[in-house]
Structure formats: structure tokens, C-alpha cells
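There are 4 protein chains.
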Amino acid sequence: MTTRYGYLGPEGTFTQMALLSWTASHEGEHVPFGSVDSALDALRRSEIDAAMVPIENSVEGGVSATLDALASGDPLVVIGEVNVPITFVLAARHGVQRADVHAVGTHSHAWAQVRGWMDRHLPHATYVPTLSTAAAAAGLAHGEAGHGYDAAVCAPVAAANHGLEVLAEDIGDRAGAVTRFVLVARPGELPERTGADKTTVMLFQRDDRAGGLLELLEQFSVRGINMTRLESRPTKDFLGSYCFSIDFEGHVLDERVGEALMGLKRVCAEVRFLGSYPREDGAQTDVAPLTGDADFSAARDWLRSLRGT
Amino acid sequence: MTTRYGYLGPEGTFTQMALLSWTASHEGEHVPFGSVDSALDALRRSEIDAAMVPIENSVEGGVSATLDALASGDPLVVIGEVNVPITFVLAARHGVQRADVHAVGTHSHAWAQVRGWMDRHLPHATYVPTLSTAAAAAGLAHGEAGHGYDAAVCAPVAAANHGLEVLAEDIGDRAGAVTRFVLVARPGELPERTGADKTTVMLFQRDDRAGGLLELLEQFSVRGINMTRLESRPTKDFLGSYCFSIDFEGHVLDERVGEALMGLKRVCAEVRFLGSYPREDGAQTDVAPLTGDADFSAARDWLRSLRGT
Amino acid sequence: MTTRYGYLGPEGTFTQMALLSWTASHEGEHVPFGSVDSALDALRRSEIDAAMVPIENSVEGGVSATLDALASGDPLVVIGEVNVPITFVLAARHGVQRADVHAVGTHSHAWAQVRGWMDRHLPHATYVPTLSTAAAAAGLAHGEAGHGYDAAVCAPVAAANHGLEVLAEDIGDRAGAVTRFVLVARPGELPERTGADKTTVMLFQRDDRAGGLLELLEQFSVRGINMTRLESRPTKDFLGSYCFSIDFEGHVLDERVGEALMGLKRVCAEVRFLGSYPREDGAQTDVAPLTGDADFSAARDWLRSLRGT
Amino acid sequence: MTTRYGYLGPEGTFTQMALLSWTASHEGEHVPFGSVDSALDALRRSEIDAAMVPIENSVEGGVSATLDALASGDPLVVIGEVNVPITFVLAARHGVQRADVHAVGTHSHAWAQVRGWMDRHLPHATYVPTLSTAAAAAGLAHGEAGHGYDAAVCAPVAAANHGLEVLAEDIGDRAGAVTRFVLVARPGELPERTGADKTTVMLFQRDDRAGGLLELLEQFSVRGINMTRLESRPTKDFLGSYCFSIDFEGHVLDERVGEALMGLKRVCAEVRFLGSYPREDGAQTDVAPLTGDADFSAARDWLRSLRGT
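Residue numbers (the UniProt record's numbering), protein chains in the order written: chain A, 1 to 309; chain B, 1 to 309; chain C, 1 to 309; chain D, 1 to 309.
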């Protein structure tokens, strides 16, 4: 049976590019969704087998829709990650010149990444928000008079897909901008341990614990575990109530990770395990001295001998 | 001379409501801006004297545009805060019924807060992003055919301002949703110390320090200081490079706060001080034992006597 | 076969009093030794089955001879503890008056505890060190001219045993002085877990670990474990090289203690487990929230479910 | 006027050797005392100007008498330190052979350091405690029949002083044994800052503070200060009540030390400052990154600018 991969569509989004770069997906079917939520809901309902969604951008930060969708509802886990360089073009219908552009359509995250260029080159253009960068291109290509903008900021592939002309290339304010995408699945067999793994969790604090975040971070530090991302998200209960979305180096099958997770499970109101998976860059985890599996095993054997068990 | 207060407009936004609830502003002039950036730029250029901008929402989390605009450029400081309960209505032009609604316009943050209601009551309506909730209402009121949506999600005041009819009230998925706004000014005289103060900083880590975030948080904990918000934001340099926007209890004139700030200044690559200001709720800071000004003064006097200075 | 209990003798020492108050020993044979070392050596050679030795005095601190003897050589473990109130008398042969006392014999630790009294009442008396307080009494009773002192500072029972007259009672400078003794045995079956237990360890740091003692103490604090005694002892390798003798609340069979011991085992050069045993005062350990066995078991079950094992 | 230096006598003790190696004392008068207490009392009464006393031995650990005498009573401060290699000889009167030795006199600390040698070479010799190693030699030289021992363990100089014959040289069980002595004075001008300094303090915990020792050590670690000695001493109030004698690198005039001391002053029940003084070995303190005086000054200037003061 064909594996079905959902992604944040429509065609031409950076998310689709992420999915295309996931080799294993080439055998499967690719299904676009209009939102992260709808893709993950379909995954939960088993209508698809996996979903590629953005989680973190080097300029705009965490992707709230993804973080929140993973944080509640039936459990899902990350099984892989893909980093995609983000390059924006300014695209328009055939015949439109840069001087003709009075309004620009794109997704708000993309807009945030090209404002410097816009200030310098099209200071009088107004901004029209769209649902995605690809939707901005599509709207331009297929739209009638009323879509309200003369040019779109989108990925080069989206401009090409829709037969638009590129008025300016590589207009992002930050060279080297990257978005990190994750491939999400229903819990099942864990991805194999490679020594170059990451684990993602969502931590909810107890109200009655002083120290709070510091206490949580110590669970990592006493086991020599390095965090690679920490994002606070509102629990939505009241202003100032936050939970923490965290990526750290290591696999749930690593001893130090297992002990840290148990520590977090004890001190947190809830720990949501969101998967262990190989890093895209393949960088082997630099295991801190005395925190390797052999160190933990030796300690456990010693404890057993003390206990006479 | 009249004080000029900027705000994230247009009229009818929740930000305007925040400014209206700031009593001191009633004597001044209120100037709408199209974005947080443009308001803060005007403030930096001294075209206005203060700006009210959103910083944190109980459902959607930190407001990236504000956090990032405060984190770079000429220094600005927060001088006050206002919390505004967020209530959404579904509004349309006279004569439109709920059954006629095929597309809904609103700001993406508002859409995120009413999706549950929409799924239950208008499951087939498509979403059209707009620049603000007030802009959605305005577009509906003044727009021609092409604006692309039949109803707007906005504040009750925006619906009233634009003569729209309310099709449904209080449609937010979370009762009690609140947005926190801050009044920003150029650095000048510090707001007076009230004993019920908050301080806001942006912390940039050094690359060469192990321990990272834990080391920063310890600077607070060893002085008994309580954090009320921590938000990570990308430095935009590369994926995985983050800085931290933090609110904590206390005023820069408090001894314990001064010492913590000096500690942070030493261990961070950069500390951006973003102001000390009275809490809106007036809740007096519960100063941890042995961290009051008198404790610090006594310790300093003792040290002086040891040093013979 | 009769159980043989060694103790730091001769008869009449506080150590003998400790052994006498250990009810289980009443059925056994009591064997005095001239030093802690010789008692523990006899225990290691299986010539005796247990040894009562002093470990800590409320005025003089840790008993180095005991701490060092436990820290090296074949492993021994503490299986019980006894606290004995320390009361000193000034005793002399029949007919000797206080005014006749020119020199006082006693153990140096006892002398340290009565110096205030001596300064006030016998300021001109010189001090003659003896091997134990009981030895001072014995020397006085049986000695010839040459023993060199006219009165002894000893336990009331030692004065009585040797037919000495008490010239002054309760002459300790600190009311409520107490010595804590431990009953030591060869490793065997662990004393039962009572919920009111202590565990004793000796920790040797690695040279190559920064942070040092702080890192060790964190292994306790992250599991909510309370230390009741910390004593540094030279490793004897070079000046400034120390190891740490530590008592803490809990039993090696407690989950939180097991995990803390494993953590210490990993980060220390060596951990010497010196036993888990019931507290004499029977005070139930106040287990910190979220550190009980049930909390650890639940966390372990959860981890197993994540790992699918 | 001649400076008067007290020391723990009599002549021939290792303490006298320490004083002799303190060059500045060569111009002054040297006054022996029978105990550490009596020397420090004379210093407090201004009968002498300084006192050399032992504080730490590489085999036997802290010298309780010194630690306790510094911890209470009128304030005294350490102004210098001297390390003396400890070498023991077995000495006897002319004509006595090793085979004739049935009893050996020496100070209990010395006895602890030669027991291995004794076990191997004079296993049947009994131990007779004396007030000091020099006193053992003196007793042997001048004593009548009754002194009770045939040989003394003492410093080579003491044997020579008293015309004794050396039966065995260098009989310490640990090669390289060292005792550290400190020169104590009444508080006055601080020793100059050399960059190779130590500071000594005695810390008394508050009963009402959880965390205890960990909280104290963090005051050092957050300022990058390295401890070189930690010794717990009973407060003498009740069993299990301890205070901590601590040496650490740096001078009270160093910024990081000043801030750490202020932190300790706040969280401790009492901090007894026992002096800042140059290390004997002249090893420059390896100041941790970002904890130098310049770092603290820059941070203070920055805070002042924030405060507008």
C-alpha cells in the first residue's frame, strides 16, 4: 500500500520542498493541506501516514501552529527533520514591471523576512497578507482583479509553477535563512538510534513548584545533556502560564536521556514525549564525560551489587 | 505641548483599547500606525512620544514583531503595561445572515483563537488573512466586491465603529483570553519604584559559555528573583541561535535587581535593558527572605568595614 | 554461636556505654580494643562480628580515626547508630581534694570539652594526655607515682568502676553534649528499610572535574535528599586533596537514593558505600514531594512505555 | 619596638619551624605557648603581635583547635601562610637500641602518621600520648623514670635540640606529608593584594534555609571562585549542627570576592571573615573568564547608566 505523506500546501510551499527532499517519500503519495492543524488532524485520523510541517525558522522563530498542534490532542511523534534554505523572489504576472507594484501579497512570516528589501526598493508598496507564500503566487496567477496585489513574495519554485516572472531574486534580509521541518507520525516503532539524534518534548510545570524552569533545566544539566531549542508557549489557561517546547541531543534509548526523562516526569505536571529521531546534519552527539551508556550501566551494576539484587 | 501616543492601528484594534485605558493618554493625541515596526520607528525618530504595542497574548504567546523591534535599533524602554481582555465577535454588513458566510477575514492571531468556534458553526468557511482585526472590519465596511470575505472576526468596538452587524458574540475558544500591551518610550527618567514593578530585558548568550540558559537563570535565582515571562527569539544569525526576552519582578533600582543585572551583564554577550515599570495589577512583589534592599545594604556596609574603605 | 562485639575500650569508655545501650548486644560477648583501627582490623579478619566506634561528637566534630579506617581497607558497613549523652566528672583517688590537683589526665577530645571549667576552677592545673578517658581513670587507680596526674576527667561509670571519688560532676562546657557511635559490620544482608533510615558514603572526587563539591551535592538536591553530616577528610595524597564523608537521609533501597548513588558513582572517582541503617531517633524521613518510590516507579513505567520495552 | 611572635611550642615543634621560615619574624621575638588557645588568647590581649599556628595537615586534616579558636572570641585574621614538610624521626636517649623500645611517646597526630611504620618495625610498642612532638622529645631528655616511654617520634630538630639519638629517620607513612601553618594577627591593615591570594571565612548557616550548604557554595560558583579547603566544624549547639571553615582563591579587595562575601553575608546567619593573604606558593589565581575586576567595573558602570546615577 502506498504511504501517504501530508504537507502544508498548496504546491510550491517550502514545506513541499522539505517533503521532496525526504527521499523515502518519493515512493509515496503527497497530499497538500491548507493548515498544519488540518494535516495533523488527518494524521490522527489515519487518513495519512505522516505529515511534514515547519517547526522553526532561523529568522521568525518557532512555528506556533505546529508547536501547539503537537502539544495537545492524540499523541504524535517526530520521526525525522529536514532543514530547507529559504530563498524568496518577488514575482509578478508577465508584463508587470517593478515600478508597477503597488501592493505585495505573501504570508506574514515571509513578509517579516523581506521588509528590509521592501523598504529600500518598494517603500510605498502596501502589504496584503495571504495564507501561504505559494497561495500568494497562485492568487496572482489565477486571480481576478480583486485579489488586491500586483506581486507576490514566494519561493522560486512557486513562481515557476505558476508561470510568473521573477522581478527580483534572493530578496530575504538575512542571507542563510533556514526553516526546519519535521516529519510527524503516529507513535509506533522508534526511529533507530544513530548516535546523532535529537529528542523533542513539551514540558508543563506544576503550579506548586518553586524554582520552575531552573528545576527543569537542571534535569538536563546533571546528565550532561545539551538543549538545542527552547520555546515557551502559553498553556492558554491564563496570561503568564507557559509550557516549554524543548529539543535536546540524544535518543530516548540513551541511558542519560532515559534518566533525564524520568526526572522530568516526576517534577513536571506533564511531559509530552514528541519523539527521538536522527539529526539531518548527522552530527554525532558529543557525549559529556561520564554520561555515556557504559557509565550508566556500570553505575547500575554497582547499585545492584550494593542492594544484593 | 501635546503628548503624542502612537498605537498599532487602525482605530478599533485591541491596541487602541489598551491605549484608551491608559488614563494619562487622554490628554494627548492618539496616532495609529500600520505596524509595530512603523510605530516604534516613529518613536525612535521622536515623531511621537510613546507607543502602545502588544507584547504577549494568553493564547497566542509572545508577539514576535514587538519583541524583535525592541531587541534591535536605538534603545527604547517599557514604561507601563496594560492587560486587555480579548473578546471577538463575528460581524457582517447589514442583511448578511450567518448562512451566507463563505469566507471570514481577520488577523491570523485572531483566527487562531476562534478556530474551534468556526469548526463548529461555519465549518465550510474559508479563511482570508488581514492586517489586523480592525482592518478586517474596515475592509468589510468600505470594500468593494473584491475584498474576498463576507464576515469579519474583530473586537466589538470595531464592529460598532464600522456600522457592522454582530452575527455572533464572544466567539473566542478560550474564555478569559487576555492580551498584554506595553507602553514604550525613549529612555529617560525611570518610572518611579512602587514595590509592584516589573523589569524587561533581552539577553544574548556568549557562544563560548557552556551551561548557557541555566547560567543566566541562576543569576536570577541566587538573588531570589521571580521570572514572569521567558520567550526565546532567534538572533537571526543562524538556525538554533536564540536570545531570550525575559520579564521579572522588581525594579532596576532594587538592590537585588541591580546585582542580578550586573551578573547578567558580565556573563552575557549583550544585555538589553528594556525598562522597569509598575505592574498593571499592582501586586506587590513578594520579596524573598534575605533579598531586600536592607539585606543588601547591610552586606555592603559589612564589606566596606572589612575592606577598611 | 555467640556474637562478638568489639568496642573502643577499655571498660568505662563512652563507647562501651554505647554498646551497652544496643540491646541486641546483650546476648553477645563484648571485646575491648585499644584503638578504632585495631577493632576494625579485627572485624575485617572476622575475629569479631561487629564493632562499636565513635564517629561524631557534638563539640569536637568528626572522629578522624573512624572516618579514615572506614575509608580504606576491605569494605565495612554501618548497620546501626547510637547517640550517647556525654557527661564528664573530675575524679581522683580517695583523699585527694580539688586543691591538691596540679595535673589532670584525660583524652584530648575530653580535655577540649572541659577547658572552660578548668580555666575557671583549676586554672593552674597542667594537662596530661591519655589514650582514653577510661585509661585516665585506670591510670589513676592503678598507677604508681609516675603516671603524672592527680585527677582524671572521665565518664561517671569509669570513676565508679575504678573506685575513684568524684570531685566535680557534669563539668563539660556544653550542656547537652552528645557523641554518636556507629555499629560496624562486614557487608552482608542490608538492615531492613524502616522509613527512618540513614545512609553513609565516602566520596572521592575526580581531579578532572570542575565544579567539584557542588556537582556532588547536586546529585542529592535534584532528588530531594537531605544531608545530615558532611565531613571533609584528606585523601593523604597531597595537601589540599580531600574526600567527603557524608550521611544522608534514606536507605539504599529507596528509589531516590539508588538514583543519587548511581549519579555519584558516575561523577566520582570512587564512591565507598558505608551502609544504610535505621536512625536511632526513629524520625521518619520527610520525603520531598515527587521523590517517593511511587513517583520513581511511575516515571520508570512511563519511560518503558515510551521505549516500547 | 620588637614585634612579638607567638607559636605553638615548645621549641622544636613543627610550628616553630614554620615561624623560623617566616623571614619577617627574624627581627622579632619568638614566644612559645602550650596550646593554640593560649597563643591566640595572648594575641587577643595584645601580649603578642602575631601567632603562628597549624591549620591543616595533608594526612590528618584540619586542626580543630585552631579552627575553633578562630571561629569564636574577638576577631582575628590570617595574614600569611607557611607550608612545612613533615618528617618524623624515632629518637631515644644515648645507648637505647631499637630493640629496647617498649613504649613510644608523641602527639596523637604524629602517631597517626607513623602507625604503619610502627606496625612493621615495633609492633609490640605501646603508645603514650604527649602534648606535642617536641614535648615527647623533651620528656625523654629530661624526664625521670616515670615519663613512661623509651623513644619519641618528633621532628629531627627536636631530637637534635635535646641531644637524642636518632634510631630511624623519615618514618612517616606518607611521603610528602605537609602541614600548613597560618600567621594570625588582630584585624588591621589588610595584606596587600598580590593576585596570588587566599581568603578564609567561617560560615554559619541559618536554620530556616532549605538547600543549606549548596546555597552557600553557589555564592562562590556563580562568581567563578575556586575553593581550596572546606572543613565542617560543629557549632557545639547540638549534634548535627555544623558550620563551615572555607579557604578560597582571591582577595577581599577583588570585586568577585566582594560580591560573593556580600551574598554569603545575606544568606548566612553569620560570616566570620578570617583574612585575605598571599599564598605561600605564589601561584597566581586563574581568574575565571568574565569574573575579573574589569568585568565587574564595566557591569557596575553600565548599571549606573541605567539608573541614571
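Positions of the beta carbon are idealized from the N, C-alpha and C atoms, including for glycine.
With distances taken between CB atoms, is the gap from residue i to residue j smaller than 9 Å?
i	j	result
E255(D)	E218(B)	no
E259(A)	G62(A)	no
M285(C)	D197(C)	The residue you asked about is not Met; residue 285(C) is Thr in the sequence shown. Against a cut-off of 9 Å, the Cβ pair of D197(C) and T285(C) comes out as a contact.
V89(B)	E11(B)	no
R223(A)	L167(A)	no
L140(C)	L164(C)	yes
residue 365(C)	F33(C)	Past the edges of chain C, shown from 1 to 309, lies residue 365(C), and the structure says nothing about it.
F14(D)	A155(D)	yes
R193(C)	L290(C)	no
M202(C)	L67(C)	yes
V114(A)	I55(A)	no
T228(B)	Y277(B)	no
V77(B)	G275(B)	yes
L306(B)	F273(D)	yes
V36(C)	Y5(C)	no
D41(D)	R186(D)	no
E81(C)	R233(C)	no
V153(D)	Q16(D)	no
M1(C)	S25(C)	no
A50(C)	T3(C)	yes
A288(D)	I246(D)	no
A135(D)	H107(D)	yes
For residue i, list the residues DSSP reports as bridge partners.
i	result
D247(C)	T200(C), R229(C)
V184(B)	A51(B), V78(B)
S276(B)	T199(B)
Q205(D)	C268(D)
L190(D)	Note: L190(D) sits in no beta bridge, so no partner.
F33(C)	L8(C)
V128(A)	G105(A)
V178(B)	P85(B)
P234(A)	Y242(A)
Just to check my reading of the structure: residue i and residue j have Cβ atoms closer than 8 Å, yes? What is that Cβ distance to the nearest angstrom?
i	j	result
P91(C)	A151(C)	Residue 91(C) is actually Ala in this sequence, not Pro. Going by Cβ atoms, the distance from A91(C) to A151(C) rounds to 6 Å, so yes, they are a contact pair.
I48(D)	P191(D)	About 18 Å separates the two Cβ atoms, so there is no contact after all.
L216(A)	L264(A)	6 Å
K236(A)	R174(B)	5 Å
H102(D)	A137(D)	Contact doesn't hold; Cβ gap of about 18 Å is too wide.
S58(D)	L214(C)	No, S58(D) and L214(C) are not in contact; Cβ-Cβ is about 23 Å, not under 8 Å.
W111(D)	Y127(D)	6 Å
Y149(C)	V104(C)	6 Å
E60(C)	H109(C)	5 Å
With contact counted as at least three CB pairs below 8 Å, one residue from each stretch, are the stretch 292–309 of chain A and the stretch 21–29 of chain B in contact? Short answer: they don't touch.
Touching or not, the stretch 176–194 of chain D and the stretch 126–135 of chain D, by the rule of three or more beta carbon pairs under 8 Å? no
Are the stretch 261–272 of chain D and the stretch 237–247 of chain B touching, with three or more C-beta to C-beta distances below 8 Å? no
Please go through the stretch 42–109 of chain A and give each complete beta strand (DSSP E) segment of 3 or more residues, from N-terminal end onward. 50–57, 77–85, 89–92, 103–106
Threshold first: 3 residues or longer. Then list the beta strand (DSSP E) segments lying entirely within the stretch 145–172 of chain A, N to C. Runs of the beta strand (DSSP E) inside the stretch 145–172 of chain A: 151–154, 165–168.
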